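Chemist: Quick note: the sequence shown uses this note's numbering, first residue 599, plus one each step. We put the beta carbon where it would ideally sit given N, CA and C, even for glycine. Since this is a predicted model, take the numbers as computed values, not measurements.
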Amino acid sequence: MIGYAFMGKAHSNAWRNVASYFDVPAFEQKVLVGRDAGQVAAAAEKYGWAESATDWRSVLDRDDIDIVDICAPGWMHAEIAIAALEAGKHVLVEKPLANTLAEAEAMTEAAQAARERGVQSMIGFNYRRVPALALAKELIAEGRLGTVRHVRAAYLQDWLVDSDSPMTWRLNKETAGSGALGDIASHAIDQVLFLLGGTVTEVSGRLHTFVTSRPGAHGPEEVTVDDAAWATLTLDTGTIASVEVSRMATGQKNSLKLEIYGDKGSLLFDLEAINELGFLDATVPVREQGFRRILVNEPGHPYMAAWWPQGHVIGWEHTFTHEIRDFLAAVNGGTPPSPSFEEGLAVQRVLAAVEESANAKSSIIQLASPHTSATEGA
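1) Between the alpha carbons of alanine 976 and arginine 947, how many angstroms are there, rounded?
2) With burial defined as no fewer than 16 other Cβ atoms inside 10 Å of the residue's Cβ, what is the status of serine 961: buried or exposed?
3) Compare the beta carbon distance of histidine 806 and aspartate 824 with 8 Å and say whether it is the shorter of the two.
4) From which residue to which residue does the alpha helix (DSSP H) around alanine 739 run?
5) If you follow the alpha helix (DSSP H) that serine 955 is part of, which residue opens it and which one closes it?
6) Can you tell me whether DSSP reads glutamine 718 as helix, strand or coil?
7) Counting only beta-carbon atoms, is alanine 708 nearer than 8 Å to chain B?
8) Count the other CB atoms, across all protein chains shown, that sit within 10 Å of the CB of glutamate 736; report buried if there are 16 or more and exposed otherwise.
9) With a 10 Å radius around its C-beta and 16 neighbouring C-beta atoms as the bar for buried, classify threonine 933 as buried or exposed.
10) Suppose only complete runs of 3+ residues qualify. What are the beta strand (DSSP E) ranges in the region 748 to 817, listed by chain order?
11) Which of the three DSSP states is assigned to tryptophan 906 in this structure?
12) Mind checking which residues open and close the alpha helix (DSSP H) that includes glutamate 677?
13) Quickly, what does DSSP pair alanine 708 with across the bridge? List them, please.
14) Among the residues of its own chain, which have a CB less than 8 Å from the CB of aspartate 762, if the five just before and after it don't count?
15) What's the C-alpha gap between isoleucine 858 and leucine 743?
16) Does DSSP put valine 823 in a helix, in a strand, or in coil?
17) To which residues of the same chain is arginine 727 closer than 6 Å at the C-beta, ignoring the five residues directly before and after it?
18) Between the C-alpha atoms of alanine 639 and threonine 698, what's the straight-line distance to the nearest angstrom?
19) With distances taken Cα to Cα, identify the nearest neighbour of serine 937 among Ala612, Ile663, Leu793, Thr745.
20) Just to confirm before moving on: does the CB-CB distance between valine 631 and methionine 599 stay below 8 Å?
21) In the DSSP assignment, the alpha helix (DSSP H) including glutamate 857 goes from what residue to what residue?
22) Ends of the alpha helix (DSSP H) at arginine 614?
23) Within this structure, are the beta carbons of threonine 830 and serine 802 separated by less than 8 Å?
24) Which first and last residues belong to the alpha helix (DSSP H) in which aspartate 924 is found?
25) Could you check whether the region 750 to 761 touches the region 776 to 790, counting it as contact only if at least three pairs of C-beta atoms, one from each stretch, sit closer than 8 Å?
26) Any idea if aspartate 623 is buried or exposed, counting beta-carbon neighbours within 10 angstroms, 16 or more meaning buried?
27) Look up leucine 695 in the DSSP assignment and say whether it is helix, strand or coil.
28) With burial defined as no fewer than 16 other Cβ atoms inside 10 Å of the residue's Cβ, what is the status of lysine 644: buried or exposed?
29) Going by DSSP in three states, leucine 743 sits in which element: helix, strand or coil?
30) Mapping DSSP to helix, strand and coil, what is glutamine 637?
31) According to DSSP, isoleucine 977 sits in a beta bridge with which residue or residues?
32) With DSSP collapsed to three states, give me the class of glutamate 886.
33) For alanine 608, which residues from the same chain have a beta carbon less than 7 Å from its beta carbon, with the 5 sequence-adjacent residues on both sides left out?
34) Can you tell me the Cα-Cα spacing of aspartate 879 and glutamate 886, whole angstroms?
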């Protein structure tokens, strides 16, 4: 695994625990890679890795490494992922796929070539593994909502509300690629595509930076990414989705809210109530209609049979355990896991279109057909 900070810690927890709850092929947590020798060694011992290293390239040369889990910042994703795939390693990479559309296309081409040699790859959109959202997908696929007309997706956080919060790599376009757009809108957009299927054909968007300068190590530094983003997406199915994301929403800690409205029913979800799904069945008489709360903790719900007795809730960290379980099962079975790099690229195209629209005063941007080649769609 490459990277040992926030995502590295979350992924390590999943690798360390997945075999205790799910039937997965045997594996070893071999090497944790990071830039600081002392810090990565300490993290490796704490998180259950057998050893540590500072040079990821040398690790790719090792015959005893079969999987590379990339938890490094987005600006490093393309170089590491492409090298790992070319070295014959299965690759799991955190979202978003890359910082730029060109990098995402290059990664997808490398993944396609590697797949022909039996080398698998997956992008880590962990919210696909929230049992309540996996159940939502099942209900939609079963037709319980009928024709889905429109969706509202809002991912709101408040960790940047304080104007004196210090500058970080996440606020610099060169290292982060974008702000709330790539960080959390990628999750919201992926959920729209995951739950509904289909392809985004039109995009309009707006970006805004509320605090343009923050304290740096040597004085004020310019913030070069967005604090918030808004987008309207048109899908080829006719569904319209509105997406709103912000890291400046006071009082919202980590709230991904989804509202899905069909002609036969509706669904409500909020990540801050991760075990619950709201469902309205509009096919029953009006006098009986109303949103009902489904506590998604039954053994018959996605992933839940591996955990606790009914009613005992699970948390955010479990989504990564589910992710690692699914990835290992796919690699062991020789089947391409999902979401693929192609699916990550589809999200990346939408992110790029939102940015393009914002730069053109929210003009509507037409997206190329998903069947268009990477070169033609650039």
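Modeler: Quick look at the numbers:
1) For alanine 976, the pLDDT reaches just 32, beneath the cut-off of 50, and the residue's location in the model is therefore unreliable, leaving the point undetermined.
2) exposed
3) yes
4) 729 to 739
5) 939 to 957
6) coil
7) Looking for chain B here will not work: only one protein chain is present.
8) exposed
9) exposed
10) 798 to 806, 811 to 814
11) coil
12) 675 to 684
13) For alanine 708, which the question treats as bridged, DSSP gives no partner whatsoever.
14) Arg812, Pro813
15) 8 Å
16) coil
17) Thr917, His920, Glu921
18) 31 Å
19) Correcting the residue identity first, residue 937 is proline in this sequence and not serine. Nearest C-alpha to proline 937: Leu793.
20) yes
21) Taken as a continuous stretch (DSSP letters only), glutamate 857 belongs to no alpha helix (DSSP H), being part of the beta strand (DSSP E) at 853 to 860.
22) 604 to 619
23) yes
24) 916 to 931
25) yes
26) Sequence inspection shows proline at residue 623; the aspartate mentioned does not correspond to that position. Proline 623 should be labelled exposed.
27) coil
28) exposed
29) coil
30) helix
31) Within the shown structure, residues of the chain are numbered from 599 to 976, placing residue 977 beyond reach of any answer.
32) helix
33) Glu915, Phe918
34) 9 Å
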